[in-house]
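Residue numbers (the UniProt record's numbering): 1 to 365. Everything below concerns the one structure shown next.
Dropping the structure here:
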């Protein structure tokens, strides 16, 4: 009896007259693969549901800039829900899976939600870039209607780019049999015994390379460019604000020494620069760590690169899914308005009750 690993699960290959018996190693590996998905699914659904609930209980959160946060939370919630079937599939050891049609529907919804999440991050970054570089135009031209149109366009693009290729691929391209090692005679038996629920074009090198370049690497470069420009814009705006505050204070009082004013300006500038650098650096690092490895590994595996271990696809996919659990923390609960709304909801159970308790506390009743 030989042993073949595909993918990341030890599968016993029977010889003549042998019966396939799941090994203890297979059982442990399957559970180790399913446990991260369960934890990620639970945390992703919980965090994003809390963010969406804050939009429901507090109408003041439904501003133009927060509409993009709502779109991001909704996409990440769909991703979190889609993790549960994947965890069940891992627990079953890939013996049973969804029927053909439902498998395609599941993959389209999951991949579309991932792409909508990426485009929503790009929308949030572009909105911040606009507010920093063109503050007057941003205040006069921003409208809820435009924000909803942008969000609707993102969802339409996300689902269209995933649905159309899946729907027409089997009619235009003959069905291909994926192989990790063309010299292995046992691989066909593994694929037939353990059918994989995967996109029909996942083993087409040219198509995956083009899709990865257009759909993922281009938004990634745009995110990095906007964040760098955003950081430079924040530095320039803070310098102008500090100079204006110092000039106004000098006009009101001539008793304050200029040396103190220079020291104050330097300390404020250093503090603001440090905050901006840490915040933007954190956003960029999290985005790169979660998205870039999976895209690179996906392209390498599609090109049948021998240097990529089989477990790398699962690990990088966990990092990609983890981004949906981190997003509501970085973009949601780090938002002052959402954080205050959550505190009021936790404190009083409702916004009206929370305001009443705060009034009683303030007036000492």
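We treat Cβ as the ideally placed atom computed from N, Cα and C, and that holds for glycine.
Proximity of the stretch 99-106 to the stretch 142-153 falls short of the contact definition, fewer than three beta-carbon pairs being nearer than 8 Å.
By the Cβ criterion, the stretch 215-226 is not in contact with the stretch 304-319, since fewer than three pairs of Cβ atoms, one from each stretch, lie closer than 8 Å.
Note on geometry: alpha-carbon atoms of residue 77 and residue 66 lie some 16 Å from one another. In this structure, residue 81 keeps its C-beta atom at 8 Å or more from the C-beta atom of residue 116.
Assigned with DSSP and collapsed to three states, residue 106 falls in helix. Here the stretch 126-134 makes no contact with the stretch 30-46; the two share fewer than three CB pairs at distances below 8 Å.
For the pair residue 332 and residue 71, the Cα-to-Cα distance works out to about 11 Å.
Rounded to whole angstroms, the Cβ separation of residue 166 and residue 108 is 5 Å, and the two are in contact under 8 Å. Assigned with DSSP and collapsed to three states, residue 297 falls in helix.
Beyond the five residues adjoining it in sequence on each side, residue 278 comes within less than 7 Å, by CB distance, of no other residue in the same chain.
Taking the Cα of residue 231 as reference, the smallest distance to any Cα among 203, 201, 217 and 281 is reached at 281. Measuring C-alpha to C-alpha distances from residue 119 to each of 317, 48 and 220 identifies 220 as the nearest.
When the beta-carbon positions are compared, residue 323 and residue 69 stay at least 8 Å from each other. The beta carbon of residue 294 is closer than 7 Å to those of 316, 317, 319 and 320 in its chain, skipping five residues each way along the sequence. Pairing residue 114 with residue 79 gives a Cβ-Cβ distance under 8 Å. Cβ contact annotation for residue 290 (same chain, cutoff 8 Å, sequence separation greater than five): 319, 320, 322, 323 and 326, in chain order.
Burial check for residue 110: the Cβ neighbour count within 10 Å reaches 16 or more, so the residue is buried. A Cβ-Cβ distance of about 7 Å is found for the pair residue 298 and residue 208, placing them in contact under the 8 Å criterion. For residue 161, the closest alpha carbon among the candidates 86, 211, 53 and 203 is that of 211. Around the Cβ of residue 61, a 10 Å sphere holds 16 or more other Cβ atoms; the residue is buried. Taking residue 53 as the centre and dropping the five residues before and after it, the same chain places no C-beta closer than 7 Å to its C-beta. Residue 50 sits close to residue 342, with the two beta carbons spaced by under 8 Å. In the structure shown, the three-state DSSP call for residue 143 is coil. Residue 168 sits in a helix when the DSSP states are folded into three classes. About 4 Å separates the CB atoms of residue 37 and residue 87; that is less than 8 Å, so the two are in contact.
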